[in-house]
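Data first, discussion second: the structure below is written as structure tokens.
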Amino acid sequence: MSTLQTTASLETVELSKSFGGVKAIDAATVSFLPGKINALIGPNGSGKTTFFNCVTGMIKPDSGSIRYSGKDITGRSPHRVTRSGIGRSFQLCRIFGRMTVLDNVLVAARTHGLRDALASPRNAGEIESARGWLARVGLDHLEGVEAGNLSYGQQKLLELAGVLMAEPDLIMLDEPAGGVNPALIGRIGTLVRELNAEGRTFLIVEHNMDMVMSLSDHVVVFDRGRPIAEGPPSVVQADPRVLEAYLGV
Ligand code: ADP
Ligand code: MG
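Taking the working numbering, the leading residue of the sequence shown gets 25, the next gets one more, and so forth.
Right, here's the structure in full:
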């Protein structure tokens with residue numbers, strides 16, 4: 025935990041990405057608060073996941089730029105983005121159901137693809153680290169179980185343990201509470217708070233407004249691929265533009 029910076033700043037300038045005629049991200053200029061828990065909210069189809077995909081190098085933006093911790097990371101490959109200090113989870117959880125819980129965390133730590141990860145011998149340090157993160161998310165007692173047997177909420181926690189193996193300074197979570205039972209939503213929230221207190225910055229896309237409002241320091245609202253409001257949760261919640269975007273009034 026010694027290498028953590030509190031300068032994990034993320035900003036985009038005029039970022040755009042279209043799919044055919046659809047402007048998924050439309051000249052979005054937005055910045056998030058380093059060291060804080062940031063939320064990105066907005067109606068379905070407003071471009072939140074596409075924004076995550078652009079930042080993490082899964083898709084290349086058509087134009088505009090992405091800066092992280094003072095460096096231009098626009099167009100970097102996902103592996104290089106990971107090495108820059110950004111970790112992410114997926115809206116539809118990415119785990120290997122037929123592999124054990126422990127193996128899932130170990131594979132997540134290897135950035136050179138699944139085949140290499142399975143072929144290369146594990147070292148004791150990695151196993152110790154994987155067990156540490158499993159304990160941290162509360163799954164250490166299940167390390168030998170096939171991951172497909174976990175509840176969906178436990179799978180989300182497992183995915184988070186894998187993300188943490190890379191020691192990210194910025195953690196991007198795409199709908200961490202989606203489909204998760206209330207008890208585990210509580211645990212995910214507590215973990216986010218603890219990890220943030222240790223210096224990790226968060227950017228969370230989430231539809232569960234109780235979670236967003238209770239957890240985040242700063243909220244950015246997307247509509248049609250661009251920010252329409254931002255600020256502390258209480259301010260954003262009362263913003264007429266936000267109500268309009270959600271309710272269409
Ligand atoms: P959100 O995560 O806010 O629900 P998305 O980023 O998933 O929004 O989608 C934004 C828009 O881009 C939607 O209109 C969606 O249909 C479109 N879109 C997203 N990904 C693709 C893709 N790979 N191909 C075509 N259209 C896409
Ligand atoms: Mg999405």
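Glycine residues also receive a C-beta, built at the ideal position from the N, C-alpha and C atoms. These figures come from a predicted structure and were not determined experimentally.
Proximity test, residue i beta-carbon vs ligand 2 heavy atom, cut-off 6 Å
i, result
"T36", "no"
"F73", "Note on identity: in this sequence residue 73 is Thr, with Phe being the wrong assignment. Yes, Cβ of T73 sits closer than 6 Å to a heavy atom of ligand 2."
Through-space distance from residue j to residue i, alpha-carbon basis
i, j, result
"I151", "L126", "8 Å"
"R112", "S153", "18 Å"
"G94", "E222", "21 Å"
"A207", "L227", "22 Å"
"A262", "G121", "42 Å"
"S258", "M237", "7 Å"
"D247", "S70", "5 Å"
"R160", "A185", "8 Å"
"E293", "C78", "Because residue 293 is not part of the residues shown, which for the chain are 25 to 273, the question remains open."
"E167", "S89", "41 Å"
"V46", "R211", "37 Å"
"F43", "T74", "10 Å"
"G203", "M196", "18 Å"
"G59", "S240", "11 Å"
Per DSSP, cross-strand counterpart(s) of residue i
i, result
"P251", "F246"
"A63", "I228 and V243"
"A52", "L39"
"D198", "V229"
Pair within 7 Å by beta-carbon distance, residue i and residue j
i, j, result
"E254", "V229", "no"
"D86", "S40", "yes"
"G249", "D96", "no"
"E170", "I119", "no"
Neighbour flag for residue i against chain D, beta carbons, 7 Å
i, result
"M82", "Note that chain D does not occur in the displayed structure, where there is just one protein chain."
Near ligand 1: residue i beta-carbon under 6 Å from a heavy atom
i, result
"F43", "yes"
"A201", "no"
"A269", "no"
"N68", "yes"
Run through the segment 80-123 for me and flag every whole beta strand (DSSP E) of 3 or more residues, listed as ranges in chain order.
The segment 80-123 contains these whole beta strand (DSSP E) runs: 87-92 and 110-112.
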